[in-house]
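For reference, the structure is listed below as structure tokens.
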Amino acid sequence: MKKEEFEQQIQAMIPRPSPETTADLYELGLEVLDAQGQQDILAALDFIARNFDRSVLQSAYEIIRHGSAALPGEMVAAAVFLQNGDTSAQMAQMADAGHLMCFYTPREMGEVSPLAVCAVIENGKTKDFYSTRFGSFGPEETFSRAKAYAKQRNVTVTQALQRVTVSEEIGLALPGMAKALSDIFKRCPAVAAHITFDVDQSRVSVEYNPLWEKTLPPKRRESRGKPPKNLTR
């Protein structure tokens, strides 16, 4: 992507762009990322623009000004914490420490958010997780696989859900992310749903975020077909 095109898209997207910050992001795309680096940066910022507050978009754009560049997926992770009141400087520190890695990276403009909060209730205790793949897996199928794995390996279902061999859909890799996503649920479209795996009741429930549902394309909204709110397995 030519620098002029990148600058034009940043100008149209960011509330208060600066030539220096935009130039730094363009260079990041050239030096650190692959041939699609600039497009990945724009896709991440576009995702933030559509799913978070405008102030969050501005702050995510400015992370690179604080001495540590955030890669596209790290920008999205940072946006979750920024929505909860953290600062660009704090996010630069987290990026430098590797605390924003391995999160969701949009691959093209206009992607619908696949972020979700997950809670597991087992033996009266609740454990919080998150997902970056909501919409690409069936929660009830994941629950069934986890229960089968737990029985075979003599572990809890909560432990089974953390095993990659059982489910790549559920994560706990980033410290504080599950709570941060839970805190912004229904405050912005970024978090699609809250999934509860109730082992004690052998039930899965999915609560959708109305703000997220409004971001769906009309055809997908009509045809996607929600699963029942309570799914028993």
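Residues in the sequence shown are numbered from 39 upward in steps of one, following the working numbering.
Ideal placement from N, C-alpha and C gives every residue a C-beta, glycine not left out.
Everything numeric in this text was worked out from a predicted model, so none of it was measured.
The way I'd put it, the region 80-92 does touch the region 140-157; three or more beta-carbon pairs between them come closer than 8 Å. Between the alpha carbons of Phe-119 and Ala-218 lies a gap of roughly 6 Å. Per the Cβ contact rule, the region 49-69 is not in contact with the region 125-134 (fewer than 3 Cβ pairs under 8 Å).
The DSSP-derived three-state label of Arg-241 is strand. With a threshold of 16 other beta carbon atoms within 10 Å, Gly-75 meets it and is buried. With the rule of 3 Cβ pairs closer than 8 Å, the region 49-62 counts as touching the region 94-113.
If you draw a straight line from the Cα of Asp-236 to the Cα of Ile-48, it comes to about 44 Å. Per DSSP, Tyr-64 is one residue of the alpha helix (DSSP H) stretching across 57-69. The straight-line gap separating the alpha-carbon atoms of Ala-154 and Phe-167 is approximately 9 Å.
Around the beta carbon of Thr-196, a 10 Å sphere encloses 16 or more other beta carbons of the protein chains shown; the residue is thus reported as buried. Residue pairing by DSSP puts Ser-169 in a beta bridge opposite Ala-154. In the structure shown, Glu-160 adopts extended strand secondary structure according to DSSP, grouped into three states. Collapsing the DSSP output to three states places Asp-236 in a strand.
In the structure shown, Tyr-142 adopts coil according to DSSP, grouped into three states.
In the three-state reduction of the DSSP assignment, Ala-218 falls in the helix class. Residue nearest to Ile-233 within the set Glu-112, Glu-178, Ala-211 is Glu-178 (criterion: CA-CA distance).
Assignment of Phe-223 by DSSP, reduced to helix, strand and coil, places it in the strand class. A distance below 8 Å separates the beta carbons of Phe-181 and Val-242.
Sequence-distant Cβ neighbours of Glu-45 in its own chain, meaning closer than 6 Å and more than five residues away, are Thr-60.
In the displayed model, Ala-127 falls within a helix according to three-state DSSP. Beta-carbon to beta-carbon, Phe-141 and Gly-111 are separated by about 5 Å, close enough to satisfy the 8 Å threshold.
Under DSSP, Ala-231 takes part in a beta bridge, and its partners are Ala-154, Tyr-246. Residues of the same chain with a CB within less than 7 Å of the CB of Leu-63, apart from the 5 flanking positions on each side, are Ile-79, Ile-102 in chain order.
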